[in-house]
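Sequential numbering of the sequence shown, starting at 1, is according to the UniProt record's numbering.
First the structure, in the form of structure tokens, and then the observations on it.
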Amino acid sequence: EKVPIYIGNFIIYEYGAGAVMAVPAHDQRDFEFAKEYNITIRVVIQPPDYELNEDKMTRAYMADGILVNSEEFDGMDNRTAINAITKKLEKIGMGKATVNYKLRDWLISRQRYWGCPIPIIYCDDCGVVPVPYENLPLELPKDVKFTGKGNPLETSESFINCQCPKCGKPGRRETDTMDTFVDSSRYFLEICSS
Numbered sequence: 001e002k003v004p005i006y007i008g009n010f011i012i013y014e015y016g017a018g019a020v021m022a023v024p025a026h027d028q029r030d031f032e033f034a035k036e037y038n039i040t041i042r043v044v045i046q047p048p049d050y051e052l053n054e055d056k057m058t059r060a061y062m063a064d065g066i067l068v069n070s071e072e073f074d075g076m077d078n079r080t081a082i083n084a085i086t087k088k089l090e091k092i093g094m095g096k097a098t099v100n101y102k103l104r105d106w107l108i109s110r111q112r113y114w115g116c117p118i119p120i121i122y123c124d125d126c127g128v129v130p131v132p133y134e135n136l137p138l139e140l141p142k143d144v145k146f147t148g149k150g151n152p153l154e155t156s157e158s159f160i161n162c163q164c165p166k167c168g169k170p171g172r173r174e175t176d177t178m179d180t181f182v183d184s185s186r187y188f189l190e191i192c193s194s
């Protein structure tokens with residue numbers, strides 16, 4: 001059976017390959033798109049305790065259930081069917097399993113005051129030098145100026161100007177802070193150590 005192709009403005013380009021297989025009966029955005037453009041809504045997952053009727057649906061059914069209208073996969077639990085369908089597509093040369101990473105262009109640094117300061121010191125003689133373990137964690141300075149422009153940490157001379165831990169000469173502290181992905185991943189360790 002041929003599948004029509006529609007171009008919609010609700011598809012997130014960064015997700016997957018920028019194209020999606022719409023399943024109007026089981027995704028709310030797809031359901032609303034189908035209703036708007038009179039596209040057939042076909043149930044392929046039935047709930048275990050009642051039967052969906054495409055003509056009477058007022059919203060998408062997005063929970064687990066049993067496959068219907070799915071040929072050889074009818075009667076299978078939808079989670080189990082994913083693997084079986086993938087294997088079938090690989091076998092007939094129509095597709096293959098892939099991993100879709102949701103964090104594509106993750107940045108570690110931000111030009112903000114809040115967050116964990118990046119523990120790096122720049123020295124003219126030694127280059128990039130990590131702050132020694134015994135001097136961690138770095139604490140944010142109190143003498144910053146919040147002007148609404150630029151990085152607030154760059155306004156704190158007491159924070160920026162420091163000694164190189166390697167040679168003792170003047171150094172300059174990194175003024176970016178780590179993204180919340182980094183600091184939130186270690187909060188539980190701080191609580192455990194308290």
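Glycine included, each C-beta is placed from N, C-alpha and C at the ideal position.
Around the CB of G65, 16 or more other CB atoms lie within 10 Å, so the residue is classed as buried.
Contact between the segment 117-136 and the segment 169-179 is present, with at least three C-beta pairs closer than 8 angstroms. Secondary structure note for R172: its beta strand (DSSP E) is the uninterrupted segment P170 to R173. Q111 counts as exposed, since fewer than 16 other C-beta atoms from the protein chains shown sit within 10 angstroms of its C-beta. Contact annotation: the segment 82-99 does not touch the segment 122-131, with fewer than three C-beta pairs closer than 8 angstroms. Closest option to N100, judged by alpha-carbon separation, among C126, E157, P137 and A19: A19. For D125, the secondary structure class from DSSP, reduced to helix, strand or coil, is coil. Annotation for N161: the continuous beta strand (DSSP E) segment containing it runs N161 to Q163. When the five nearest sequence neighbours on each side are left out, the beta carbons in the same chain lying within less than 6 angstroms of the beta carbon of E154 are those of T175, in order along the chain. For S156, the closest alpha carbon among the candidates Y113, G75 and G148 is that of Y113. The alpha helix (DSSP H) runs of length 4 or more contained entirely in the UniProt domain "Leucyl-tRNA synthetase editing" (1-90) are, from start to end of the chain, 28-36. Bridge partners of T177 according to DSSP: R110 and P117.
The straight-line gap separating the alpha-carbon atoms of I82 and K166 is approximately 55 angstroms. With at least 16 other beta carbons inside 10 angstroms of its own, I45 counts as buried. In its own chain, leaving out the 5 sequence neighbours on each side, no residue places its CB closer than 7 angstroms to the CB of V3.
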